[in-house]
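Student: For the sequence shown, the positions run 1 to 61 when the UniProt record's numbering is used. Got a structure here, written out as structure tokens. Questions coming.
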Amino acid sequence: MEAINQFVLTAPLWLQVPLVMVLAVPLATVAAVALVRVVDTVSLAGERAWQAATGPDRVGD
Numbered sequence: 001m002e003a004i005n006q007f008v009l010t011a012p013l014w015l016q017v018p019l020v021m022v023l024a025v026p027l028a029t030v031a032a033v034a035l036v037r038v039v040d041t042v043s044l045a046g047e048r049a050w051q052a053a054t055g056p057d058r059v060g061d
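Right under this line is the structure:
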């Protein structure tokens, strides 16, 4: 691990940026997908709890 860190730290900037992006973009994508799933799950649970407490919406009456 130390050798990898040393390589990245001593590499020129034109090489550091693509290396970091190759790692950062996929990690950020995975984190974004996980966050969206958590928000969707919490939102759905909240909506179901709300409908259980207030009754289903009546549309078209």
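Ideal Cβ placement from N, Cα and C applies to all residues, glycine included.
Taking the straight line between their C-alpha atoms, what separation do you get for GLY46 and VAL38?
Tutor: The alpha-carbon atoms of GLY46 and VAL38 are separated by roughly 12 Å.
Student: Taking the C-alpha atoms as reference points, what is the distance between PRO26 and SER43?
Tutor: When rounded, the distance between both Cα atoms is 26 Å.
Student: What does the alpha-carbon distance come out to for the pair VAL33 and PRO18?
Tutor: Computed Cα separation, rounded: 23 Å.
Student: Could you tell me which uninterrupted beta strand (DSSP E) segments, each at least 3 residues in length, are contained entirely in the region 1-25, listed from first to last along the chain?
Tutor: Correct list: empty.
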